[in-house]
Amino acid sequence: MLRCRDGSYYIGHTDHLEHRVGQHQAGEIPGYTATRRPVEVVWSAEFSTRVEALEAERQIKGWSRAKKEALIRGDWPAIRRLASRANILRDEAEPSPSSVSASPQDKRTLTNPVRPEERLSPGEGASRRTTTPPPVIVLVRPQLGENIGKAARAMLNFGLTELRLVAPRDGWPNPDAGPAAAGADIVLAEAQVFASLADAVADCTTIYATTVRKRGVMKPVLTPEAAARAVHADAGRSAYIFGAERSGLETDDVALAHAIVTVPINPAFASLNLAQAVILLAYEWSKHVPTGAEGSVALASPPTVTLNPVAPHGELEELIQHLVRDLDASGYFNPPERTEATLRTLRTALTKTGWSHNDIRMMHGIITSLGRKPRAR
142 MLRCRDGSYY IGHTDHLEHR VGQHQAGEIP GYTATRRPVE VVWSAEFSTR
192 VEALEAERQI KGWSRAKKEA LIRGDWPAIR RLASRANILR DEAEPSPSSV
242 SASPQDKRTL TNPVRPEERL SPGEGASRRT TTPPPVIVLV RPQLGENIGK
292 AARAMLNFGL TELRLVAPRD GWPNPDAGPA AAGADIVLAE AQVFASLADA
342 VADCTTIYAT TVRKRGVMKP VLTPEAAARA VHADAGRSAY IFGAERSGLE
392 TDDVALAHAI VTVPINPAFA SLNLAQAVIL LAYEWSKHVP TGAEGSVALA
442 SPPTVTLNPV APHGELEELI QHLVRDLDAS GYFNPPERTE ATLRTLRTAL
492 TKTGWSHNDI RMMHGIITSL GRKPRAR
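Under the working numbering, the letters of the sequence shown match residues 142 to 518, in that order.
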């Protein structure tokens, strides 16, 4: 956490604290701190992984000024007290811009949780926040062209368009991919091919390896939902990497990633095909895309249909009496001593549903029709 010249706080994370603070002091990082120098470090903490740092970033970013200053003092009783009064102190909260520098190191220091470009400009509301880049989908040594096509279709279903292929077995382009993509031609047309996974993710800050197997590599393990939240919290470009259809990701592939994404699945049949795995992660990512976000695809849900209002009970009572009269005329209530119990059961069944006025009218017509003699044909 940096205190700026104007007394505001700038929060974020970085891999090299002293170097990053020096960049802020020199005005080398455009954005919030460039016009508020000098800055000073007032609080920092270390985390073993970037994912943990991002979670702390997300939390502190939303804290009030009073709560941040309690953190600086190390006043944990005050932090707990202020947390219980969050609604009262909400007006004290201020924007918390930040920046992220990418590095393969495991130690992360919390000093700048959100990139400067994610910061709200004065007067802008939360709905104007710049979103993080969509994740790229990386298929490592895919075998069948049709599986590449199906993965592209799954991507475009949920607004992802950047596909990268690492050493596809049958080369690229592949004639079997187009028909399987079912119209996701933009994804295939812009797909990039790389010789190695390291080259494919060179511009990414966080890499998620999708696997259900234990690889002997110690990495944080996330569900698709948790990974999606982390992707949206990370200001840099993220990548989801998927292995070949038959063998999945190799140990060296997983070692390159920052975290593992595993789908809770039936242990007796832990087998997803490539497109299924892609669509699970793409869907979870899409759930957190703000409506109208810049550069995002507007996802459409099936239109909702307003149900007709429930009719007054008097109309339902008339229907019940109509039905009872016709049943009685047909000799339905037999033996007679069971009539009361049968009527109670009938009423209970009919009052379970939320009959509308039109429903009741239709049922009246059905009952009347059943009481008529069949027409001669």
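From the three backbone atoms N, C-alpha and C, an ideal C-beta is built for every residue, glycine too.
Between Y424 and V279 a beta carbon distance of about 18 Å is seen, past the 8 Å cut, so the two are scored as non-contacting. Around D344, the same chain offers R378 as residues with beta carbons nearer than 7 Å, after the five sequence neighbours per side are excluded.
V362 sits exposed, since fewer than 16 C-beta atoms from the chains shown fall within 10 Å of its C-beta. G153: member of the beta strand (DSSP E) spanning G153 to T155, first to last residue. Counted as a single uninterrupted DSSP element, the beta strand (DSSP E) harbouring A380 occupies residues S379 to F383. Taken through DSSP and simplified to helix, strand or coil, R206 comes out as helix. The Cβ atoms of L338 and V358 do not sit closer than 7 Å to each other.
Across the structure, E366 and D375 are spaced so that their CA atoms are roughly 14 Å apart. If you look at T509, you'll find it in the alpha helix (DSSP H) that goes H498 to L511. When the Cα atoms are used, S471 and I461 turn out to be separated by approximately 15 Å. Contact between the segment 320-332 and the segment 276-294 is present, with at least three C-beta pairs closer than 8 Å. The DSSP-derived three-state label of V342 is coil. If you draw a straight line from the Cα of M296 to the Cα of L457, it comes to about 50 Å. Counting along the chain, no beta strand (DSSP E) covers L158; the unbroken alpha helix (DSSP H) around it starts and ends at L158 to Q166. Here DSSP, grouped into helix, strand and coil, assigns Y473 to coil. Rounded to whole angstroms, the Cβ separation of H399 and T351 is 13 Å, and the two are not in contact under 8 Å.
Contiguous beta strand (DSSP E) elements confined to the segment 295-339 occur at 304-307 and 333-335, taking only those with 3 or more residues. Pairing D216 with C145, the inter-Cα distance amounts to about 21 Å. Shortest Cα-Cα distance from E187 to any of H154, E159, I213 and H165 involves H154.
Between H165 and T174, the gap from beta carbon to beta carbon is short of 7 Å.
For L487, the uninterrupted alpha helix (DSSP H) run begins and ends at T480 to L491, by DSSP. Annotated three-state conformation of R221 is helix, per DSSP.
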